[in-house]
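Heads up, the thing below is written out as structure tokens.
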Amino acid sequence: MSALNRVRQRQWKSFSLRLRGRWESPVAGYLFISPWLIGFLGLTLYPMIMSLYYAFTNFSLLEAPQWVGWKNYNLILTNDDTFVTSLKVTLLFVVFSVPLKLIFALLVAMLLNKDIKGISAYRLMIYFPSLIGTSIAVAILWKNIFSGDGFINQILEVFGIEGYSWVNDPRTALSTLVVLVVWQFGSSMVIFLTGLKQIPRDYYEASSVDGASKIRQFFSITLPSLSPIILFNLVLQTIGSFQMFTQAFIITKGGPINSTYMYALYLYDRAFGRLQMGYASALAWILLIIIGIATALIFISSRYWVFYENERKGKA
Amino acid sequence: MNVSKMRKYALIAFVLVMALSIAACGSGKNDTIGTNSTNNAANNNTDQPKEDKTVDPVKLRIMWWGSQTRHDATIKALDEYTKLNPHVTFEPEFSGWDGYWDKLSTQAAANNAPDIIQMDAAYLADYAARNQLTELTTVNLASIDEVLLNSGKVQDKLYAVALGNNAFGLAYNKEAIEKSGIAVPQNGLTWEQYFQFGRDVKAKLGDGQYALMDDSKALDMYSLYQMSKGKGYYVTDDGKFNIDKDTWLEWQNIFLKLREEGVVPPATLSVTDKELDPNLDLMAQGKVVIRGLHAAQSVALDTLKPGAMGMVTLPRGEHGAGWLKPSMFWSVASSSKYQIEAQKFIDWFINDQGAADILTTTRGVPVSKTVLDYMEPKLSPADIMGIDLIKNTAPIAQPFKTSPKGWSNFGGKDYGTIAEKLMFNQISPEQAWEEVVKKAKEYGI
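From first to last, the protein sequence lines are chains G and Z. The first sequence begins at 1 in this note's numbering and counts up one residue at a time. The second sequence begins at 317 in this note's numbering and counts up one residue at a time.
The following block contains the structure:
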């Protein structure tokens, strides 16, 4: 069908030819990827299979699991207020944090794509915090900045504004977490930056000859050319946001009044607080399905807003 | 088209991997202390050359929760034990109360629990019932108080040795109260006097300073209030919900009023409190002048501001005040390879005078009567503050209760969430009561 497929077929043929003659080569290959392979089998695949099994048991960590059928799923879906609360909080968080973060990351990436002297120094300075910022340290820092007598309030005090308990008020706690996550834009920004660099300059030059404004260029050239990258970042961030745990765990512990009680946090409490591993496993699989649906929706919608260069060439 | 399809497959595969890999945090650094075991043969040649050769090296893993004072004292005691018994070294794991039980349950599930485990009354029955602990048979218990000893038994088998005597009472900032010109609270004060004391102190304080803690979400504090009125613990021994509606509404309405009057801090401040954390404890920060605390914490309390703190019994009703309880226990894991060595260590820990010199009252008042007699003249004022609280509580103490199996999360999480709604004025006490009853049904009324 396409060039790539033909290439792959050819590769496979030559590979299987060699295979008949030299059996060592696949062994060597597997040996080379074995660190990853062992990690994948032992730390991802095996736990996944076990959790699928545990989801149908009443496993409590300390006692042997007993099969209970669909009971866990039944309880979660019909008789669990906290499940509903935490799902609401998580959806709210995803809906606000993901677009804001992507917009912010794109803005910064565009600034760093300018042709000015010493731009690599700026890039380094802006990306550097993302390298050292382990999530827990950043979360603790954030907590101190936004707490009752934290940095923000001390600055406000200088201007005579009374301090405000950002992370301790149920009305603002979630927004504070959203701001924190938006601020952690580093990785998305770098991906956007690489994407921006791949847009041919000819497009901009041609359009400016035609008299297009900067804004017009952004919407007609930058965004469409960048759309596959946006899709990639969107999917990545959506999945990550659904699993939001560290910041909520460190800064607010889900409080006040469950206003930041993320799904993953609830799952953790069930698993390790109440030792209901079976129930927690069922929660995890429900989360997987929810993430799957959200991702599927993004992919379906992507037909209407993502453009690939080779697509246009193929149609032409 | 195929390229985009391929990207999709790659992404979908990625989704699957990402979705299940929920972040887990490993923490805790295990330092091996007591490296003396390597030179034992050389040093002890003159003393007991024969015995040393027959003893295999033993490495005991030991885990506890506590504050920095307790960590320091315990590590010193472990070093001392290694000096006396060069073949035994330790691998200590220690942390605050937060996360301790998460870690232990995970280790236990992996059959990887430490040899020696610091145990709490609330968890002892659960762990013993699940065969995670071994029966302690070789520890010398001759000088231990009968009641304390029995608190470590589950179905007449000793699974845990109590390490100290403890009492729940109040800690107050003597300096701040005296500055405001109000008399410090006296042992045996009533609840009415306690609330009045709060109002009196508040009248002398400025904005941003408060007198009492907001105990709306402190289920144990409420339970003690209910017990002092003769209505029992919040849940019966056989796991039945036992909060008395009228008493509970009375309690919540008192705090509702105290919040309005500024006697207790606003909700946004109250939710930040973390007991004895120098940066988060509301009393350490000077936001309140009095709070609930255990006698065994008297030394840690004193380090917040040496000499400035005092302790007094919990407010009383007609039926008593506060309670006495074992501070904590040592248990030995049933999975341990060194059960005899572990029990030898526990024996030394509770009975040896040298150990007592190092540990003082970091785990409550020493459990052994002979050790306590030996210690009494050497105790620091902070130690005596804790011991006095126990002595003063004893005559009016209520029976010690702990959440029955399965109820710990009710007090630890759900009750607090409902009470926070109250504190943030989102619901009325009556509505909160409805929610409490509804939630309790999940736990089996």
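Ideal Cβ positions, reconstructed from N, Cα and C, are used throughout, including at glycine. Values in this document were obtained by computation on a predicted structure and should not be read as measured data.
The C-alpha of Tyr-550 of chain Z lies about 55 Å from the C-alpha of Val-108 of chain G. In the three-state reduction of the DSSP assignment, Leu-474 of chain Z falls in the strand class. By the Cβ-count criterion, Gly-39 of chain G is exposed, with fewer than 16 other Cβ atoms from all chains shown falling within 10 Å of its own Cβ.
With respect to Thr-398 of chain Z, Lys-375 of chain Z sits apart: the two C-beta atoms are not nearer than 7 Å. Bounds of the beta strand (DSSP E) holding Trp-380 of chain Z are 374 to 381.
In the DSSP assignment, Trp-639 of chain Z falls within the beta strand (DSSP E) that extends over 639 to 642. For Gly-29 of chain G, the secondary structure class from DSSP, reduced to helix, strand or coil, is helix. Listed in chain order, the non-local C-beta contacts of Met-627 of chain Z below 8 Å within the same chain comprise Gly-485, Leu-486, Ala-487, Tyr-488, Leu-609, Ala-611, Ser-614, Leu-617, Met-701, Gly-702, Asp-704 and Leu-705, local neighbours out to five positions each way being set aside. The beta carbons of Gly-546 of chain Z and His-635 of chain Z sit closer together than 7 Å. For Phe-740 of chain Z, the nearest beta carbon of chain G is closer than 7 Å to its own beta carbon. Three or more beta-carbon pairs separated by less than 8 Å link the segment 251 to 258 of chain G to the segment 165 to 176 of chain G, which places the two stretches in contact. Within the segment 444 to 469 of chain Z, the residues whose Cβ lies closer than 8 Å to some Cβ of chain G are Arg-446 and Gln-448, listed in chain order.
Within the model, the alpha-carbon separation for Gly-412 of chain Z versus Ser-643 of chain Z is close to 15 Å. Shown here, His-387 of chain Z sits in a helix according to DSSP, grouped into three states.
With contacts defined as CB atoms closer than 7 Å, Ile-230 of chain G and Ile-291 of chain G fail to qualify as a contacting pair. Distance check between Val-98 of chain G and each of G:Phe-272, G:Phe-232 and G:Ala-282 places G:Phe-232 closest, using alpha-carbon atoms only. The shortest CA-to-CA distance from Gly-497 of chain Z to any of Z:Lys-518, Z:Ala-478 and Z:Asn-481 is the one to Z:Lys-518. Any Cβ of chain G closer than 7 Å to the Cβ of Val-628 of chain Z would place that residue at the interface, and such an atom is absent. In this structure, the alpha-carbon of Met-244 of chain G lies about 49 Å from that of Asn-667 of chain Z.
Residue state for Leu-486 of chain Z is assigned as strand, using DSSP reduced to three classes. When the Cα atoms are used, Lys-694 of chain Z and Ala-389 of chain Z turn out to be separated by approximately 16 Å.
With three or more CB-CB distances shorter than 8 Å, the segment 76 to 96 of chain G counts as touching the segment 266 to 284 of chain G. When DSSP states are grouped into helix, strand and coil, Pro-402 of chain Z belongs to the coil group. For Gly-163 of chain G, the closest Cβ of chain Z is not nearer than 7 Å. Chain-order list of chain G residues neighbouring Lys-737 of chain Z: Ile-257, by C-beta distance under 7 Å. Straight-line measurement puts the Cα of Thr-82 of chain G at about 18 Å from the Cα of Ile-289 of chain G. Within the DSSP bridge table, the entry for Met-627 of chain Z names Z:Ala-487 as partners. With a cut-off of 8 Å on Cβ pairs, the segment 643 to 657 of chain Z is not in contact with the segment 724 to 743 of chain Z, counting fewer than three such pairs. DSSP places Lys-469 of chain Z within a strand segment (E or B) once states are collapsed to three.
By the rule that beta-carbons nearer than 7 Å mark a contact, Arg-303 of chain G does not touch chain Z. Scanning the segment 554 to 579 of chain Z for uninterrupted alpha helix (DSSP H) segments of 4 residues or longer gives 561 to 577, listed from N- to C-terminal end. One thing to note: Phe-96 of chain G has its Cβ no nearer than 7 Å to the Cβ of Phe-185 of chain G. Note on geometry: alpha-carbon atoms of Leu-41 of chain G and Leu-52 of chain G lie some 15 Å from one another.
Taking a beta-carbon distance threshold of 7 Å, Thr-733 of chain Z counts as an interface residue toward chain G.
Trp-567 of chain Z and Leu-630 of chain Z have their alpha carbons spaced roughly 15 Å apart.
Against Ala-600 of chain Z, chain G offers no close residue; the least beta-carbon distance is about 13 Å (beta-carbon pairs closer than 9 Å).
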